[in-house]
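Encoded as structure tokens, the structure appears first; notes follow it.
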Amino acid sequence: MPLLPVRTSTRWVLVAVFVAIGVVAALVGNGWTVLGMALGAAGQVASLVHERRKAVQGPTTT
């Protein structure tokens, strides 16, 4: 199985940044910002999971 591309690590960093911003926003007390950051982080995770599943299935020719 080939190793995952380096950019996968970058996605994890982006997720961590979104979560960190969400935590800071929660401490400040802005609920809408927390909701937005949570949705952003969830989107990043969903994208990462989708890419991993594609990588496990193997290369597809389009």
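Under my numbering, the first residue of the sequence shown is numbered 627, with each subsequent residue one higher.
A virtual CB, placed ideally from N, CA and C, is assigned to each residue, including glycine.
For Leu674, which residues of its own chain have a beta-carbon under 6 angstroms away from its beta-carbon, when the five flanking residues on both sides are left out? Arg637
Residue from Ala664, Arg679, Val639 with nearest C-alpha to Val649: Ala664
Apart from the five residues just before and just after Ala667, which ones in its own chain have a Cβ nearer than 8 angstroms to its Cβ? Val641, Phe644, Val645, Gly648
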